[in-house]
Structures are given as C-alpha cells and as structure tokens.
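First to last, the protein sequences are chains F and B. All letters in the first sequence, in the order written, are residues 5 to 318 by this note's numbering. All letters in the second sequence, in the order written, are residues 10 to 350 by this note's numbering. For each residue, glycine too, the CB sits at the ideal point set by N, CA and C.
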Amino acid sequence: MSAAIEVRVAAVRQLTPVVREFTFEPLQGRLPGFSAGSHVVVHMPLAERTLRNAYSLLSDPTERGHYRIAVRLQDESRGGSRFMHEQVKEGDRLQLSPPANLFSPSSQARRHLLIAGGIGITPFLSYLPELRARGADFSLHYAFRGGLTDAYRQQLQAELGERLSCYDAEAGCFLDLPRLLGEQPLGSHVYVCGPQSLIEAVREQAAALGWPASRVHWEVFAAPEPGQPFVAQLARSGKRVAVGSDFSLLEALEQAGVEVPNLCRGGVCGQCDTRYLDGEVEHRDAFLGAAERATHLMPCVSRGRCGSALLLDL
Amino acid sequence: MPVTFKPLESYRDDFSFANSAEAIRRFPFPFAEDSYMYSVNIEPATPREPGSVFAHWFDIDEHYLSEMAERALVLEKDPDRCLVMPHMAQAAWDTLEMLMEHLAADYPEHFELRREGSDWLWINRPLQIEQRFTFGDPASLPCEPLEYITRQVQGDFAVLDQRDGNLYMDAGMVTCPADWSIKFDAGMSFTQWHAPVPMAHQMGVFERALKYLLNIQVDHPVRRLNWTMTINPRLDTSSETFHEWGHERSQITPENVARKVHLRVELQFMPRLPRSNALLFGIRTYLISLEELASNPAWACRLHRVLRDLPEAIADYKGLSLYRQTVVDWLAQFDPEAVAA
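Set out below in structure tokens:
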C-alpha cells in the first residue's frame, strides 16, 4: 500500500449548512503535486474503525503549499462525513493517501462541457485553472439546491460569468439535458460529477444522442452502500473475515490486516479486483465485464450473498 | 560514494565504450531464474542499496559524459528524435521539474537547483551548464523543455498521455532505442505499440500491465527490467538507423562473440507526472559485453541456460536468431552441467 501523507488541518470553513471545506498543510516537506480532477483518500479514525473516503482536491493545482477538499454531510452517513463535520478542527492531524486521478480533462477535447450536481462541483474547481491556462473552450453547468448545496455559487459566478449556468432546484430551475447535450458541437467532451441519478441521466442522454463513450466522463464518490452481513474465507491465508452490514468487504479485509491495492474505493478504477474461488457475489462495480465477474469481484463495493460463504484467492 | 565519470568513450565507429569493474558489479542482470518468459514483472520502485542502479529514481553512472555526447550526435543528425505534441507541453515541464529535483537531491555534487517562485537556476557541473530560466516559459530556455533536460539525463524518455483508459506515445526523447522508433510509434496507444510482441498478448500480459500503469499514483513509481542483445556497444539501434547496424548480426564468429555481443538491459522506470497526469516512461539502458559479463561466472551460466532454452518466437522478435547458437556455444564453458555433458 502507498504510504500515507501526514497533514495538519490549516482551516475549516462552513460554506452551507451541509458543506464544510477543509484546507490541509503538510506536517513536513512538500505535498506531492496533483493534476486537475485528482482525489485523495482521507483516513478517518473513528472510535471503532478507520474509515477511508475519497474526496476530490478542489484547490488550484498550481498552488503547491496546500490541499483543499469539501465534504457534504450525508443524511445516511456511515460516520465519515459526520466525523469530518463534527470532529475535525483546525490544528488536527490527519492522514491522506497520495493524489490519484481517475477524472482527468481530456487532452483531445475541442470543447469541455462540465456538469456538476451539488457537492459534485469539487473536481471541477481544480479543472478551472487548468482549462483557463490551456485557453480551452468550456462551460460549467451547476445544479444544486439553493442555500444548501450551492457551496461555490458566488465564487464561480464572479470568476466565470457567462461560462457558468446555474440550476437551482429550490427555484424550480432544472437542467434540460436533451437540449444541453443536443446543442454541443462535434468533438465536445462531457464530464459529470454528482449523484448517481445525474450521472445515469447524462450517460443515457449522451448515448441516445450517439456520443461515443470515450467522450463521456463521469466520477462518482459514493461511500459503499450497506448490505447484508456475510463471511469471507481467505483461501491462501486461511483467515475468516466477517463483513458487517455497514462495512465494505475491502474495509473488513483491511480491518483484518489484509491489504488489497486500491485507489477509488468506489467500484470504478479496477485496482482492487480480487479473484474468488467459490460463493455467490453481488457485483456492484462499474468496471468488470460479465465474463470477468465469473471469477473476480471488486471488494470496495461488491459483496458476498448473505448466507453463502465467499472464498477469496487471498 | 560520489559517482566519477570516465573520459569520453564512443558508442559508434571505434566503439571504445567499456565497463569498469564497478560498473560490472552494479550491472542490473535481469534473470532471476534459468529460463525466461514474458510476465508482468512490474514492481514498486522502492529504493534499493546505495550504489546500485536502483538506489535513485534516475541513475547517473560513469558513462554520463559519453552518453550525453552520443545523444547530442544523434540529435544533430536527426532532431526529430525528440517529439513533443502540443498538448504535451505541460507534461514536458513536469518532466523537467521531476528530473531536476531528483538529480539535485540525489547527486548534489554534480547538480544543483535553486528556485524562487518561477525563477529557477539550474547548475549541471559535469556539462558546465548554468541556466537561469522562468519555469513555464519555454522562451527562457535554449530549447524546448523536454529536449533541454533530457539532453542532460541518461536514458530514453517516453512521455505518455493518459486518456480513454489507455496511454499514448505523444512525447519523448528517444536516441537509444532497442530497435524501435519514436517517429513510428508517435501517437500510438500502449496497445498499438506492443502489437508486434509475440506470445505475451495471448498470456494477457499487456492488459494487466496497462491496468497497473494507468493506476500509478503520484510519488509511487514502478519499475521493471527488460532485455535484448546488441552487437557492439551501440546505443542507437533505432529503426531509422537499421542500415547501419542490422547487418552486424551476421558477423558474429566464435572468435569475436565475447567482445562483440552485448547483453542490453533496460531499467524501465514509470512515475506519474503530478501536474499533467501524464506517465513518464524512463528507459535506462545498460550494455555489457559477454566477456565482461563472464567475469561473474554465475551470470554466464544462467545466461547460457536462458538463451539455450529461449522460445524461438521470442528469439526472433529480439533479433537474436542469426547469432544465438554462437553465443550459447561460447557461454557453455561457464555452465557446469553443459561442461559435464
């Protein structure tokens, strides 16, 4: 596993009733550089276990002294966002995994269409300095609930002017995806980050309009959905790992001292894919094909079926 | 111990290149077993023992001056060996920063980097360079930044754009390739430029390797060794110059085999470029003649077995077939089993 970076919480800002922004500084040395669209995984030491959640870096990649992230308080938090909102204070120390990027702006795009839903604005905040430096053609479409999830609205209005379109659900204003995607010139790339429903809608609309999949980019950082408890048996080490209903299999393995390489912790990067030898699997990833699913699963999101023992090649 | 540089030696014409005892000692002999087959032999590039070729991200050795002179010669004849597509400009600066930072930190007796904001001063003592420039402003350097810095660092460098779940050869400085060409591969995907390799595709090697490379994180580079063989200590065995070296493979005799045939090992080093998200693919080449290699009899014995049993398709792809038997016959003297038989 990659060594963690030690940081100090340099600033905390409450941006809306549900969005808090955190600025991190290195405890020593320099922070590794990062590219537009990168995320870090924050290690959150809860009382009973360490949660690791991925958050987009929203600071300007050219500013090397600090990282910034923003965390939305989730209604059905497993404890991660609640910990960040209620426990973390200025001066605290935290550990981060180094930056990784699964949502980079394409070097080939003639036009970049950015679509953000609520807290999904965060990766695009690091895009903006990059796209401006490139002199790229782009526009940002920002859907939110006014007063609740519109954390960066004013800043963006001041910076972007006509390149920003806002859609405030509280004011009855919604994205018209068929029209927005329909009027884009050939060679445009669309990027979407936000709730699963928004991502699905953009992908479906783009597919319906004949956009090639390589021009549709999406990023979801949802914590793993809870599921039924089950037991994983490790064929090589002989260990037996019980996976509680609000643990992912990956988290349960880590808790048991079994490290599996991982990056996104959300079922998209493919890094954690693990071979299984027996058992029924509830696949929840967006990476493996049907054939691969017969022998492999992604423990960051996928689970064994309740009542059937899952035998892993670990 | 600080590395000391040998006086200029040549990688062409009279081929005066040779390894010191120390260079032989630290040679990255690539075979962990008595046989060879393709595999995803990629590992985290954690630093190894001081003095070894794995001690630093970018290894500088006794051949530094000669190799940089050779690169200048190649570029003089063929400036297009350095390629930077327009969308790779940021990755070129990323590469310059990474190379300068690491050389200055790892070889402070030779290299120095002073920075105040974007005003940088770069000092390369062995090449007697002292360059003030503005980071990010290409006009402040004598040439394009990737070319500028890689004229001062040993090994070839491909700079790969990452998009659509693949890696694209969109920039690079390639003056010492093992029978390939940056001009031919320009713009190709990882999948495309590996298409000619035999056997490995069926084994799924490239799919797994690509997945591994796409997920490399900032500050967590990986490395692997690759190998082939070259007649004479010739660094520039590129496709463009095939007419200069291809025929040499038919000139190997039992009398000249030990001096002419070289094992060519590439230490491939792959770090993520932090600002551009491109992947740097460093290819650091080490050459050793069979004669030099046999000063370590265990290496000679193992190489004998590897070459003797190498599948035909791999030997053909690596261009060894014309002289493999002559090499195997010469190496047999170092293999106790072969001598006894």
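* To do: Give the DSSP-derived three-state secondary structure of residue 95 of chain B in the structure shown.
  => As a first step, residue 95 of chain B must be located in the second sequence, where it is residue number 86. The answer is helix: DSSP assigns residue 95 of chain B an H, G or I state.
* Asked: Does the distance from the CB of residue 120 of chain F to the CB of residue 198 of chain F come in under 8 Å?
  -> Along the first sequence, one-based indexing puts residue 120 of chain F at 116. Along the first sequence, one-based indexing puts residue 198 of chain F at 194. Cβ distance < 8 Å, so residue 120 of chain F and residue 198 of chain F count as in contact.
* Asked: In three-state DSSP terms, what is residue 47 of chain B?
  -> As a first step, residue 47 of chain B must be located in the second sequence, where it is residue number 38. Coil.
* Pick out whichever of F:62, F:195, F:102, F:173 has its Cα sitting closest to the Cα of residue 130 of chain F. => Within the first sequence, the letter at position 126 stands for residue 130 of chain F. Considering only alpha carbons, the answer is F:62.
* Figure out for me which residue from F:125, F:110, F:285 has the closest Cα to the Cα of residue 192 of chain F. => Looking up residue 192 of chain F in the first sequence gives position 188. Measuring from the Cα of residue 192 of chain F, the nearest candidate turns out to be F:110.
* Mapping DSSP to helix, strand and coil, what is residue 64 of chain F? -> Residue mapping note: residue 64 of chain F aligns to position 60 of the first sequence, counting from 1. Three-state result, residue 64 of chain F: coil.
* Does DSSP put residue 42 of chain B in a helix, a strand or coil? -> In the second sequence, counting from the first residue as 1, residue 42 of chain B sits at position 33. Here residue 42 of chain B sits in coil by DSSP.
* For the alpha helix (DSSP H) containing residue 221 of chain B, list its first residue and its last residue. => Translated into positions along the second sequence, residue 221 of chain B becomes position 212. 214-223 is the extent of the alpha helix (DSSP H) around residue 221 of chain B.
* How long is the line joining the alpha carbons of residue 342 of chain B and residue 163 of chain B, rounded to whole angstroms? -> On the second sequence, position 333 is the one that residue 342 of chain B refers to. On the second sequence, position 154 is the one that residue 163 of chain B refers to. Each residue's Cα considered, the two are about 34 Å apart.
* Could you round the C-beta distance between residue 206 of chain F and residue 224 of chain F to whole angstroms and report it? I think they count as a contact, below 8 Å. => Counted from its first residue, the first sequence places residue 206 of chain F at position 202. Counted from its first residue, the first sequence places residue 224 of chain F at position 220. About 11 Å; that fails the 8 Å criterion.
* Asked: residue 71 of chain F and residue 35 of chain F: beta carbons closer than 8 Å?
  -> As a first step, residue 71 of chain F is located in the first sequence; it is residue number 67 there, counting from the start. As a first step, residue 35 of chain F is located in the first sequence; it is residue number 31 there, counting from the start. Yes, Cβ-Cβ distance for residue 71 of chain F and residue 35 of chain F is below 8 Å.
* Going by C-alpha distance, which of F:278, F:252, F:248, F:273 is nearest residue 264 of chain F? -> Along the first sequence, one-based indexing puts residue 264 of chain F at 260. Looking at the Cα atoms, F:278 is the closest of the given residues.
* Burial state of residue 20 of chain F (16 or more Cβ within 10 Å) -> Taking the first residue of the first sequence as position 1, residue 20 of chain F is located at position 16. Burial call: buried.
* To do: Could you work out which residues of chain F lie near residue 286 of chain B, taking near to mean beta carbons separated by less than 7 Å?
  => Here residue 286 of chain B refers to the residue found at position 277 of the second sequence. Per Cβ cutoff of 7 Å: 39, 105, 108.
* **Assumed close pair residue 161 of chain B, residue 77 of chain B - CB separation to whole angstroms, cut-off 8 Å** => Taking the first residue of the second sequence as position 1, residue 161 of chain B is located at position 152. Taking the first residue of the second sequence as position 1, residue 77 of chain B is located at position 68. About 7 Å separates the two Cβ atoms, so the contact holds.
* **Residues from the stretch 207-226 of chain B in contact with chain F, defined by Cβ distance under 7 Å** => 220, 224, 226
* To do: Would you mind telling me which residues of chain F sit closer than 7 Å to residue 171 of chain B, beta carbon to beta carbon, in chain order?
  => Numbered from its first residue, the second sequence carries residue 171 of chain B at position 162. Under the 7 Å cutoff, chain F gives 108.
* Just confirm the distance between the C-beta atoms of residue 112 of chain B and residue 120 of chain B, as a whole number of angstroms; I'd bet it's less than 8 Å. => Taking the first residue of the second sequence as 1, we reach residue 112 of chain B at position 103. Taking the first residue of the second sequence as 1, we reach residue 120 of chain B at position 111. The pair is a contact, with the Cβ atoms about 4 Å apart (cut-off 8 Å).
* Please state whether DSSP places residue 48 of chain F in a helix, a strand or coil. => Here residue 48 of chain F corresponds to residue number 44 of the first sequence, with the count starting at 1. Reduced to three states, the DSSP call for residue 48 of chain F is strand.
* Consider the Cβ of residue 194 of chain B: report whether some Cβ of chain F lies at a distance smaller than 8 Å. => Sequence index remark: in the second sequence, residue 194 of chain B carries index 185 (1-based). So no, residue 194 of chain B is outside the interface.
* **Span of the beta strand (DSSP E) around residue 245 of chain F** => Looking up residue 245 of chain F in the first sequence gives position 241. Unbroken beta strand (DSSP E) run through residue 245 of chain F: 244-247.
* residue 305 of chain B versus residue 293 of chain B: straight-line alpha-carbon distance, rounded -> As a working note, residue 305 of chain B is residue 296 in the second sequence. As a working note, residue 293 of chain B is residue 284 in the second sequence. Roughly 22 Å separates the two Cα atoms.
* Which word fits residue 86 of chain B, buried or exposed, when buried means at least 16 other C-beta atoms lie within 10 angstroms of its C-beta? -> Looking up residue 86 of chain B in the second sequence gives position 77. Exposed: under 16 other Cβ atoms inside 10 Å.
* For residue 233 of chain F versus residue 212 of chain F, is the C-beta distance shorter than 8 Å? -> Within the first sequence, numbered from 1, the residue matching residue 233 of chain F stands at position 229. Within the first sequence, numbered from 1, the residue matching residue 212 of chain F stands at position 208. Going by C-beta atoms, residue 233 of chain F is not nearer than 8 Å to residue 212 of chain F.
* Where does residue 276 of chain B land, buried or exposed, given buried means 16+ other C-beta within 10 angstroms? -> Locating residue 276 of chain B in the second sequence gives position 267, where the first residue counts as 1. That one is buried.
* **Whole-number beta carbon distance between residue 93 of chain F and residue 45 of chain F, since they are thought to touch under 8 Å** => The residue given as residue 45 of chain F occupies position 41 in the first sequence. The residue given as residue 93 of chain F occupies position 89 in the first sequence. Their Cβ separation, rounded to whole angstroms, is 21 Å, which puts residue 45 of chain F and residue 93 of chain F out of contact at 8 Å.
* Kindly give me the distance between the Cβ atoms of residue 207 of chain B and residue 323 of chain B, rounded to whole angstroms, as I take these residues to be in contact under 8 Å. => As a working note, residue 207 of chain B is residue 198 in the second sequence. As a working note, residue 323 of chain B is residue 314 in the second sequence. Sure, about 6 Å apart at Cβ, within 8 Å.
* Asked: Is the number of C-beta pairs between the stretch 174-183 of chain B and the stretch 93-103 of chain B that are closer than 8 Å three or more?
  -> yes
* Asked: Buried or exposed: which applies to residue 171 of chain B, given that a residue is buried once 16 or more other Cβ atoms fall within 10 Å of its Cβ?
  -> In the second sequence, counting from the first residue as 1, residue 171 of chain B sits at position 162. With 16 or more other Cβ atoms within 10 Å, it is buried.
* Taking the C-alpha atoms as reference points, what is the distance between residue 139 of chain B and residue 150 of chain B? -> In the second sequence, the residue the question calls residue 139 of chain B occupies position 130. In the second sequence, the residue the question calls residue 150 of chain B occupies position 141. Rounded to whole angstroms, residue 139 of chain B to residue 150 of chain B spans 11 Å at the Cα level.
* Asked: Under 7 Å Cβ-Cβ, which residues of chain B neighbour residue 36 of chain F?
  -> Position 32 of the first sequence, counted from the first residue, corresponds to residue 36 of chain F. Those are 227, 228, 283, listed as they occur along chain B.
* Asked: Closest Cβ-Cβ distance between residue 65 of chain B and chain F: below 8 Å?
  -> Within the second sequence, the letter at position 56 stands for residue 65 of chain B. Residue 65 of chain B does not count as touching chain F.
* Helix, strand or coil at residue 5 of chain F [DSSP, three-state] -> For the purposes of this step, residue 5 of chain F is taken as the residue at position 1 of the first sequence. Residue placement at residue 5 of chain F is poorly supported in this model, since its pLDDT is 43, which falls under 50; the coordinates are not used for a value here.
* Asked: Would residue 69 of chain B pass as a contact of residue 301 of chain B if the rule is Cβ separation under 8 Å?
  -> Residue 69 of chain B sits at position 60 when you count from the first residue of the second sequence. Residue 301 of chain B sits at position 292 when you count from the first residue of the second sequence. No, these two residues do not count as a Cβ contact at 8 Å.
* Asked: Excluding sequence positions up to five away, which residues of its chain have a Cβ less than 6 Å from the Cβ of residue 244 of chain B?
  -> The residue given as residue 244 of chain B occupies position 235 in the second sequence. These residues qualify, in order along the chain: 20, 79, 185.
* To do: Please list, in chain order, all residues of the same chain as residue 276 of chain F whose beta carbon is under 7 Å from its beta carbon, the five residues on each side excluded.
  => On the first sequence, residue 276 of chain F is found 272 positions in, with the first residue counted as 1. Counting only Cβ-Cβ distances below 7 Å, and skipping sequence neighbours, we find 254, 264, 265, 266, 302, 303, 304.
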